[in-house]
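Chains as they are written, first to last, in our numbering: chain H, 1 to 274; chain G, 275 to 548.
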């Protein structure tokens with residue numbers, strides 16, 4: 001398959017196995033995935049997660065993946081070195097290290113399995129976020145120009161934010177610490193487990209809704225993938241409840257069109273100044 | 275200091291730096307920390323977290339720590355090997371590997387800093403769990419005998435569960451997926467950041483409250499430490515909202531007596547059979 005037939009996301013996470021170094025995969029971080037001067041952390045996690053999917057054989061879905069962000073990434077070449085920690089019957093645990101010019105950007109620890117092989121039972125008590133249909137939500141074309149300029153990656157998303165959680169874009173943050181909306185890729189590429197790693201860090205920082213418009217560097221992001229998403233829209237909610245000491249947590253839920261809670265994530269990030 | 279002067283917890287996480295291998299610390303996993311046939315996962319995280327605190331110099335508090343559980347631990351000797359990933363100005367990121375007889379039990383990735391140096395601002399919107407005072411809660415002396423027999427570590431805790439969340443002990447689980455209570459160590463040792471790593475996995479599995487009394491092996495546990503706890507009782511809540519496909523998440527909050535949300539954690543665990 002040539003890159004001409006690949007979606008933007010598949011190009012973004014494309015890997016070349018290194019000829020001489022087993023477990024190493026080379027990537028090219030695209031300028032189109034930038035946000036606030038660096039490459040989006042969710043995209044980086046998807047690149048590292050893709051390398052682990054390649055390395056882990058039949059266990060190709062990240063059931064749990066933790067990324068620790070070490071330095072700001074920039075567009076250009078990157079190397080991902082993977083290492084198996086333990087290969088079990090249902091799970092393979094492994095590490096990945098993403099670096100650029102010898103400087104490590106991201107260290108990942110993850111357990112992979114096969115989401116298709118899981119038990120059919122669904123006893124979820126969580127409810128999907130309530131919001132108007134996509135056509136009544138706010139597209140990024142209405143976002144403040146300053147935001148768009150700093151977030152090239154928004155052009156690759158069809159992101160429709162719930163009007164109830166976009167007061168911050170009009171200078172009226174709700175103070176609730178919640179942003180939610182509908183998500184799909186602009187080029188129509190359907191969701192799969194690796195895309196969910198991007199989605200977990202795709203919305204504007206939830207601190208915007210607390211009246212803090214600056215960027216919020218991620219320290220750590222863990223994503224639990226709980227089911228393969230069906231094609232279609234994803235509903236995504238971000239919320240924080242504990243902004244203190246210069247840090248905050250951001251909890252994310254991703255629901256698919258079948259009404260399944262397909263991913264849950266939490267990150268610890270540095271809070272922008274108020 | 276001799277072990278005779280150490281609290282049970284400090285004995286439990288005590289380390290001896292290895293004479294010949296830099297970054298290695300030897301530990302002895304005590305039989306008193308067993309639960310359901312293995313050593314408690316929170317205690318293991320505290321042992322590995324203690325080794326990282328020793329290794330990381332001035333950055334001695336785990337701001338974010340992720341543990342991936344690889345095989346069941348048993349009482350006896352254990353080795354913890356630490357390795358620095360990146361040493362920055364405010365954070366040091368490092369890994370730890372805990373093994374017994376050459377078999378790896380737990381792999382940890384963490385970012386350490388100094389909780390005492392954080393910004394004073396507290397803008398937490400979360401509310402502490404509402405429950406009766408400790409003297410009106412249910413001590414473990416009332417727990418089913420079968421539970422106590424399988425959980426030696428309960429004798430080291432002064433754990434008082436909210437009567438509203440202990441119906442499961444009487445055969446009447448609420449189905450809400452929530453267990454909460456007051457926690458302190460039986461020997462009076464006051465809380466600190468390392469103890470919070472134990473507390474994050476100290477309560478009975480929240481699946482008990484869903485009518486599933488079996489043990490729930492942890493796949494992954496990430497703890498965010500947000501402030502040093504003051505002396506006294508801790509309020510701890512565990513909740514799950516997504517039991518599906520044979521797995522569930524368990525979210526934990528730990529509040530100190532000053533009313534501060536000092537730790538938030540989430541784990542992914544295998545669900546017991548219903």
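Even glycine gets a Cβ: it sits at the ideal position worked out from N, Cα and C.
Backbone secondary structure at residue i - three-state DSSP
{"i": "residue 19(H)", "result": "coil"}
{"i": "residue 336(G)", "result": "strand"}
{"i": "residue 215(H)", "result": "coil"}
{"i": "residue 454(G)", "result": "strand"}
{"i": "residue 362(G)", "result": "coil"}
{"i": "residue 448(G)", "result": "coil"}
{"i": "residue 390(G)", "result": "helix"}
{"i": "residue 441(G)", "result": "helix"}
{"i": "residue 57(H)", "result": "coil"}
{"i": "residue 138(H)", "result": "strand"}
{"i": "residue 1(H)", "result": "Note that residue 1(H) scores a pLDDT of 48, beneath 50, so its modelled location is shaky; the value from the coordinates is reported in the next line. If DSSP states are grouped into helix, strand and coil, residue 1(H) belongs with coil."}
Rounded distance between the beta-carbons of residue j and residue i, thought under 8 Å
{"i": "residue 341(G)", "j": "residue 317(G)", "result": "In fact, because the Cβ distance is near 11 Å, the residues do not count as touching under 8 Å."}
{"i": "residue 177(H)", "j": "residue 216(H)", "result": "Not quite, the Cβ-Cβ distance comes to about 12 Å (not below 8 Å), so this is no contact."}
{"i": "residue 271(H)", "j": "residue 501(G)", "result": "With a Cβ gap of about 14 Å, residue 271(H) and residue 501(G) do not count as contacting."}
{"i": "residue 421(G)", "j": "residue 455(G)", "result": "Not confirmed; about 14 Å, so no contact."}
{"i": "residue 63(H)", "j": "residue 113(H)", "result": "5 Å"}
{"i": "residue 31(H)", "j": "residue 143(H)", "result": "Not really, about 19 Å apart at Cβ, beyond 8 Å."}
{"i": "residue 173(H)", "j": "residue 209(H)", "result": "5 Å"}
{"i": "residue 107(H)", "j": "residue 383(G)", "result": "6 Å"}
{"i": "residue 523(G)", "j": "residue 541(G)", "result": "7 Å"}
{"i": "residue 214(H)", "j": "residue 273(H)", "result": "6 Å"}
{"i": "residue 499(G)", "j": "residue 389(G)", "result": "6 Å"}
{"i": "residue 6(H)", "j": "residue 14(H)", "result": "7 Å"}
{"i": "residue 398(G)", "j": "residue 241(H)", "result": "7 Å"}
{"i": "residue 374(G)", "j": "residue 355(G)", "result": "The pair is not a contact, with the Cβ atoms about 12 Å apart (cut-off 8 Å)."}
Short Cβ contact (7 Å threshold) for residue i with residue j
{"i": "residue 335(G)", "j": "residue 467(G)", "result": "yes"}
{"i": "residue 236(H)", "j": "residue 199(H)", "result": "yes"}
{"i": "residue 156(H)", "j": "residue 8(H)", "result": "yes"}
{"i": "residue 230(H)", "j": "residue 257(H)", "result": "yes"}
{"i": "residue 378(G)", "j": "residue 385(G)", "result": "no"}
{"i": "residue 471(G)", "j": "residue 315(G)", "result": "no"}
{"i": "residue 120(H)", "j": "residue 137(H)", "result": "no"}
{"i": "residue 400(G)", "j": "residue 535(G)", "result": "yes"}
{"i": "residue 357(G)", "j": "residue 369(G)", "result": "yes"}
{"i": "residue 23(H)", "j": "residue 53(H)", "result": "no"}
{"i": "residue 492(G)", "j": "residue 343(G)", "result": "yes"}
{"i": "residue 150(H)", "j": "residue 246(H)", "result": "no"}
{"i": "residue 139(H)", "j": "residue 160(H)", "result": "yes"}
{"i": "residue 38(H)", "j": "residue 78(H)", "result": "no"}
{"i": "residue 25(H)", "j": "residue 46(H)", "result": "no"}
{"i": "residue 529(G)", "j": "residue 402(G)", "result": "yes"}
Bridge partners - residue i, DSSP secondary structure assignment
{"i": "residue 24(H)", "result": "81(H)"}
{"i": "residue 260(G)", "result": "Residue 260(G) lies beyond the range of chain G shown here (275 to 548); nothing can be said about it."}
{"i": "residue 99(H)", "result": "79(H), 104(H)"}
{"i": "residue 255(H)", "result": "235(H), 261(H)"}
{"i": "residue 127(H)", "result": "None, per the DSSP bridge assignment."}
{"i": "residue 367(G)", "result": "360(G), 385(G)"}
{"i": "residue 540(G)", "result": "496(G), 525(G)"}
{"i": "residue 341(G)", "result": "382(G), 495(G)"}
- Tell me the start and end of each unbroken alpha helix (DSSP H) in the region 26 to 53 of chain H that is at least 4 residues and wholly inside, in chain order. Counting only runs of 4 or more residues that sit fully inside the region 26 to 53 of chain H, no alpha helix (DSSP H) segment turns up.
- Item | beta strand (DSSP E) runs contained entirely in the region 188 to 251 of chain H, provided each spans 3 or more residues | Look at the region 188 to 251 of chain H and you find these whole runs of beta strand (DSSP E), each 3 residues long or longer: 218 to 225, 234 to 239.
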